[in-house]
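Asks: One structure follows; several queries about it will come next.
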């Protein structure tokens, strides 16, 4: 059984940050969310982790310091021996549930974590990534104002090992036409949120996938109900570093990417035709063009 904290912790409630750390989420916190008529929907965040002590505390603080009053936060550690457990224990009073034991990998950890979830809205943040300030308040408000919404995707930053922003990933609207044109991979995981009822309807995380479990899940979620792009600043940060799973499992990614293409259909490569290459460059560089395309396809921007 998990417990849900009725109020968001203040930065002074949490363990003090290391002496050499400052800024978000070390010495800066999101202001508490204002009261809403009917309250804020419960959000469950799951963090799967294994041997990521260098970044884990930053990820945990980025979730806890959202100023979100109806948060359920679950940390699933795979039996780390690098100091991760000591970090988790320091933050245990503000966690809804945590465990540290062999778990069969990231997909299994996610599936087991979400099985414990009681939130109306679900998402995960990996132990080497982080949420942006105010992300959960924006998500909670977006879903509360759209009770019919199944899945939402927002923009995400690329950051380096030191947490410096290096680029921005612009999320595509979860729209079948744009998905077929530009591929299914423009739903950055750190910016994706969905309803638990729809997650349970589509069968949850595929435990057999090691890398593309996010893409597989998001395809099924976006097909199961109304989906929207969540506009505004990036919701999260995707960290690229030498030990990242993204960098070390490229061959696995290629195999699973091919599997998903066979399972859901081959998207048109945006790099196959010069015209689409130009469209992609314009998409990345010009917000006005993106907004016109969003409106043309009848989606919120």
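In the UniProt record's numbering, the protein residues as written are 1 to 301.
All C-beta atoms in this analysis are idealised placements derived from N, C-alpha and C, irrespective of residue type, glycine included.
Only a predicted model underlies this, so the values are computations on that prediction, with no experimental measurement involved.
1. Looking only at its own chain, which residues have a Cβ that is under 8 Å from the Cβ of residue 117, when we skip the five neighbours before and after it?
2. For the structure I just gave you, are there three or more beta carbon pairs, one from the stretch 52 to 66 and one from the stretch 15 to 25, closer than 8 Å?
3. Out of curiosity, what's the CA-to-CA distance linking residue 39 and residue 84?
4. Sort out for me which residues DSSP pairs residue 97 with in a bridge.
5. Return the CA-CA distance between residue 202 and residue 17, expressed in angstroms with no decimal places.
6. Which residue's Cα is closest to the Cα of residue 241: 209, 210, 186 and 164?
7. Alpha carbon to alpha carbon, what distance is there between residue 142 and residue 149?
8. Excluding the 5 residues preceding and the 5 following residue 11 in the sequence, name in chain order all residues of the same chain whose CB lies nearer than 8 Å to its CB.
9. According to the Cβ coordinates, are residue 154 and residue 95 closer than 7 Å?
10. Taking all protein chains shown into account, do 16 or more other C-beta atoms lie within 10 angstroms of the C-beta of residue 256, making it buried, or fewer, making it exposed?
11. Rounded to whole angstroms, what's the CA-CA distance from residue 55 to residue 238? Just pull it up for me.
12. Quick one: what does DSSP say residue 158 is sitting in, helix, strand or coil?
13. So what does residue 192 bridge to, in DSSP terms?
Replies: The structure says:
1. Taking the first residue of the chain shown as position 1, residue 117 is located at position 117. Result list for residue 117: 2, 44, 46, 72, 74 and 196, in chain order.
2. yes
3. On the chain shown, position 39 is the one that residue 39 refers to. On the chain shown, position 84 is the one that residue 84 refers to. Looking at the two C-alpha atoms, the distance is approximately 34 Å.
4. Here residue 97 is taken as the residue at index 97 of the chain shown, counted from 1. According to DSSP, residue 97 bridges with 74.
5. On the chain shown, residue 202 is found 202 positions in, with the first residue counted as 1. On the chain shown, residue 17 is found 17 positions in, with the first residue counted as 1. Approximately 40 Å, taken between the alpha carbons.
6. As a first step, residue 241 must be located in the chain shown, where it is residue number 241. If you compare the alpha carbons of 209, 210, 186 and 164 with that of residue 241, the shortest gap goes to 164.
7. The residue labelled residue 149 in the question sits at position 149 within the chain shown. The residue labelled residue 142 in the question sits at position 142 within the chain shown. Cα to Cα, residue 149 sits roughly 9 Å from residue 142.
8. What you label residue 11 is simply residue 11 of the chain shown in a count that begins at 1. 27, 28, 29 and 65, listed in sequence order.
9. As a working note, residue 154 is residue 154 in the chain shown. As a working note, residue 95 is residue 95 in the chain shown. No, Cβ-Cβ distance for residue 154 and residue 95 is not below 7 Å.
10. Indexing the chain shown from 1 puts residue 256 at position 256. With 16 or more Cβ atoms within 10 Å of its Cβ, residue 256 is classed as buried.
11. Within the chain shown, residue 55 is the residue found at index 55, counting from 1. Within the chain shown, residue 238 is the residue found at index 238, counting from 1. Each residue's Cα considered, the two are about 12 Å apart.
12. Counting from one through the chain shown, the residue named residue 158 turns up at place 158. Reduced to three states, the DSSP call for residue 158 is strand.
13. In the chain shown, residue 192 corresponds to position 192, counting from 1. Its beta-bridge partners are 153.
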